[in-house]
Amino acid sequence: MTELEATVEIQRVLVPVLDLCGTFAFAISGALAGVRRRLDVFGVLVLSFVASSFGGIGRDLLIGATPPAALVDWRYLAVSLAAGLITFFWWPLIERLQTPVRLLDAIGLAFFAVAGAEKALAFGLNPVMAVLLGMLTGVGGGMVRDILLAEIPGVLRSDLYAVAALLAAAIVVGGHMLHLPVVPTAIVGGLLCFTLRMIAIRRGWGLPIAR
Amino acid sequence: MTELEATVEIQRVLVPVLDLCGTFAFAISGALAGVRRRLDVFGVLVLSFVASSFGGIGRDLLIGATPPAALVDWRYLAVSLAAGLITFFWWPLIERLQTPVRLLDAIGLAFFAVAGAEKALAFGLNPVMAVLLGMLTGVGGGMVRDILLAEIPGVLRSDLYAVAALLAAAIVVGGHMLHLPVVPTAIVGGLLCFTLRMIAIRRGWGLPIAR
Amino acid sequence: MTELEATVEIQRVLVPVLDLCGTFAFAISGALAGVRRRLDVFGVLVLSFVASSFGGIGRDLLIGATPPAALVDWRYLAVSLAAGLITFFWWPLIERLQTPVRLLDAIGLAFFAVAGAEKALAFGLNPVMAVLLGMLTGVGGGMVRDILLAEIPGVLRSDLYAVAALLAAAIVVGGHMLHLPVVPTAIVGGLLCFTLRMIAIRRGWGLPIAR
């Protein structure tokens with residue numbers, strides 16, 4: 001296997017795995033929020049799908065990529081419904097598994113931000129907007145989840161969630177502008193996002209509030 | 001008149017009537033919610049239009065059918081503004097007419113779910129997503145209505161509203177996959193949705209909540 | 001310079017100035033709302049951008065003009081981030097400058113409503129919908145701002161905000177239907193909107209609420 005073939009192979013296997021991991025983790029966050037607010041099983045499943053897919057759906061609507069990927073590929077729906085049902089039935093267990101869920105969530109954030117920025121670039125958005133759309137892909141699902149629960153989106157007032165997504169998207173777009181190879185840039189961006197997110201959780205890092 | 005001509009004639013007359021009945025009923029639900037929350041007349045009319053049309057508008061944005069049908073055909077707007085003004089001026093009367101309003105609402109739900117699933121199929125969505133978009137057409141307007149009122153959408157936590165829409169959309173899509181004739185399938189789907197919805201109201205049927 | 005050249009020159013200079021004034025004022029309204037609700041600096045900047053640009057983005061999504069203008073032209077983002085940062089650091093000053101901020105806001109409303117109606121006409125929407133989309137361009141950003149703060153949009157229950165935007169859009173569309181020259185019609189529409197808005201603030205004019 002040549003080096004190129006190996007890279008392609010890694011991409012072919014790794015990308016869907018990370019994508020579905022992220023979808024799964026985000027869906028759990030939606031389902032848990034729904035269970036806590038006493039939604040019925042339909043509401044819990046709606047929140048699962050919204051939290052996992054509305055970042056990407058928002059991005060696709062904005063760049064004109066209709067119908068959105070999450071409505072064309074049934075696997076996103078299947079994974080988020082599975083996560084929603086698991087959470088609905090075994091939510092006390094899921095709540096105790098906080099650490100692995102946060103780990104998956106940080107993987108999802110990193111992956112969605114990277115993939116979102118790449119898709120925006122592929123659709124010809126300018127670099128600044130590609131960064132923002134990468135970030136939106138990462139945080140948009142959680143924002144719609146919170147809006148559906150009539151709450152101010154948590155990402156607007158706590159810790160370094162969006163900043164980590166912004167960092168990943170900025171690295172992807174910067175690499176694109178400098179004509180660096182795509183896969184290594186994406187990996188660096190994703191890993192930095194993941195690392196920053198995990199440190200921010202552990203240290204309780206957040207952004208300043210106006211005095 | 002041949003049988004085919006009769007069918008076409010029924011479709012030509014009945015479809016717009018059911019569509020505008022549904023629009024009218026959904027607009028009343030939006031206007032009543034606005035009056036109860038002390039919105040001014042502009043706010044009440046916005047809620048009328050949103051409740052009656054944003055299910056279909058959401059579907060059209062997602063499938064890429066822009067501008068959405070509700071913005072091209074002025075009759076939807078006219079009917080929802082009429083419903084909004086009637087409710088604004090005579091809301092105590094409308095509140096007393098709960099039974100006919102619920103009847104119209106169930107007709108609207110059935111019709112919107114059927115028509116929404118058919119439109120999604122016509123735009124080439126896969127069967128699973130066509131079912132979901134049919135359901136969205138039925139319940140989306142009410143969800144946006146509730147979001148505008150800063151409330152958790154009622155459909156996420158009570159009775160069999162969305163499930164009835166899901167049933168209608170699933171029957172339409174199932175019929176399409178089995179190459180059954182369109183009109184009878186649509187009628188069966190719509191009637192079952194309507195019936196399930198009316199029974200759910202009467203019996204207080206709902207979906208389970210996580211323990 | 002001929003009269004036509006003068007007109008073109010005015011349009012070339014004045015239109016972007018008014019557009020960016022409006023963007024600036026709307027962004028301040030978003031940032032102030034974010035500061036008051038104790039969002040972090042990221043949340044404040046999101047609200048700045050949303051309040052200034054989501055009226056136009058909503059219009060562009062509905063008419064199928066993707067990617068929306070606010071994502072293609074980086075100046076909108078730059079102006080709204082600048083307004084957001086200024087507000088974040090000097091919000092007590094901005095709160096004391098209520099009168100000039102309201103003046104800018106009324107200019108923004110007038111300009112957005114006029115420009116929104118013109119864009120909707122250019123995309124072939126029918127006159128009634130062009131009026132509504134002009135109004136949406138003026139009031140949509142503020143509505144999404146309020147939804148993100150889990151509040152009922154202020155425009156649904158207070159004073160003559162939306163009606164002023166509706167007036168401007170209706171004059172633009174009326175002029176279009178009567179084949180009147182575009183620029184004078186736009187100026188008349190914008191000025192009437194601005195004047196009505198300022199009088200409504202001063203006199204406390206509002207719309208009726210259902211009894």
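Chains as they are written, first to last, in the UniProt record's numbering: chain A, 1 to 211; chain D, 1 to 211; chain U, 1 to 211. Each residue gets a CB set at the ideal place from its N, CA and C atoms; glycine is no exception.
Exposure label - residue i; buried when at least 16 CB within 10 Å
i: THR99/A; result: exposed
i: PHE88/A; result: buried
i: VAL139/U; result: buried
i: ALA78/D; result: exposed
i: GLY124/A; result: exposed
i: ARG96/U; result: exposed
i: PRO184/U; result: exposed
i: PRO67/U; result: buried
i: VAL46/A; result: buried
i: PRO153/D; result: buried
i: LEU109/D; result: buried
i: LEU62/U; result: buried
i: ARG145/D; result: buried
i: LEU14/A; result: exposed
i: LEU93/D; result: exposed
Alpha helix (DSSP H) segment containing residue i, residue limits
i: ARG202/D; result: 182 to 203
i: ASP105/U; result: 98 to 122
i: THR66/U; result: Neither: THR66/U is in no alpha helix (DSSP H) and is coded neither H nor E.
i: ILE147/D; result: 127 to 148
i: VAL172/A; result: 161 to 177
Member of the options whose CA lies at the smallest distance from the CA of residue i
i: THR137/A; options: ASN126/A, PRO16/A, ARG96/A, ALA120/A; result: ALA120/A
i: ALA164/A; options: LEU149/A, CYS193/A, GLY174/A; result: CYS193/A
i: ALA162/A; options: SER80/A, VAL188/A, PHE26/A, GLY134/A; result: GLY134/A
i: ASP19/U; options: ILE107/U, ILE201/U, VAL155/U, THR185/U; result: ILE107/U
i: VAL101/A; options: ALA31/A, ARG157/A, LEU132/A; result: ALA31/A
i: ALA25/U; options: ASP40/U, PRO181/U, VAL50/U, VAL114/U; result: VAL50/U
i: ARG197/D; options: ALA186/D, LEU166/D, ILE171/D; result: LEU166/D
i: GLY141/A; options: ALA168/A, LEU104/A, SER48/A; result: SER48/A
i: ARG211/D; options: SER29/A, VAL41/A, ALA27/A; result: VAL41/A
i: GLY207/D; options: ASP73/A, ARG202/A, LEU39/A, GLU5/A; result: Looking at the sequence provided, one finds Leu at residue 207/D rather than Gly. Considering only alpha carbons, the answer is LEU39/A.
i: PRO127/D; options: GLY84/D, LEU85/D, GLU151/D, HIS176/D; result: HIS176/D
i: ASP73/U; options: ILE86/U, PRO16/U, LEU85/U; result: PRO16/U
i: GLY55/A; options: GLU5/A, GLY84/A, LEU85/A, LEU132/A; result: LEU132/A
For residue j and residue i, believed in contact at Cβ under 8 Å, the rounded distance
i: ARG59/U; j: GLY116/U; result: 5 Å
i: LEU178/U; j: GLY43/D; result: LEU178/U to GLY43/D, Cβ: 31 Å. No contact.
i: ILE209/A; j: VAL188/A; result: So it is not a contact: roughly 31 Å between Cβ atoms.
i: SER52/A; j: ALA82/A; result: The Cβ separation is near 11 Å, so there is no contact.
i: ALA65/D; j: VAL114/D; result: At roughly 17 Å, the Cβ-Cβ gap does not stay under 8 Å, so ALA65/D and VAL114/D are not in contact.
Same chain, Cβ closer than 8 Å to residue i, five either side skipped, listed in chain order
i: TRP205/A; result: ASP159, LEU160, ILE199
i: ILE147/D; result: PRO153
i: LEU104/D; result: CYS21, GLY22, PHE24, ALA25, ILE28
i: THR195/A; result: none
Same chain only: Cβ atoms within 6 Å of residue i, ignoring 5 sequence neighbours per side
i: ALA130/U; result: ALA117, ALA120, LEU121, VAL173
i: GLY37/D; result: What sits at residue 37/D in the sequence shown is Arg, not Gly. Excluding sequence neighbours, ARG37/D sits near LEU149.
i: ILE57/U; result: PRO68, ALA70
i: PRO181/A; result: none
i: ARG202/A; result: none
Beta-carbon proximity list for residue i, same chain, < 7 Å, skipping 5 on both sides
i: PHE111/U; result: LEU18, ASP19, GLY22, GLY190
i: TRP91/A; result: LEU32, VAL35
i: residue 227/U; result: With chain U covering 1 to 211 only, the question about residue 227/U has no answer from this structure.
i: MET143/A; result: PRO153, VAL155
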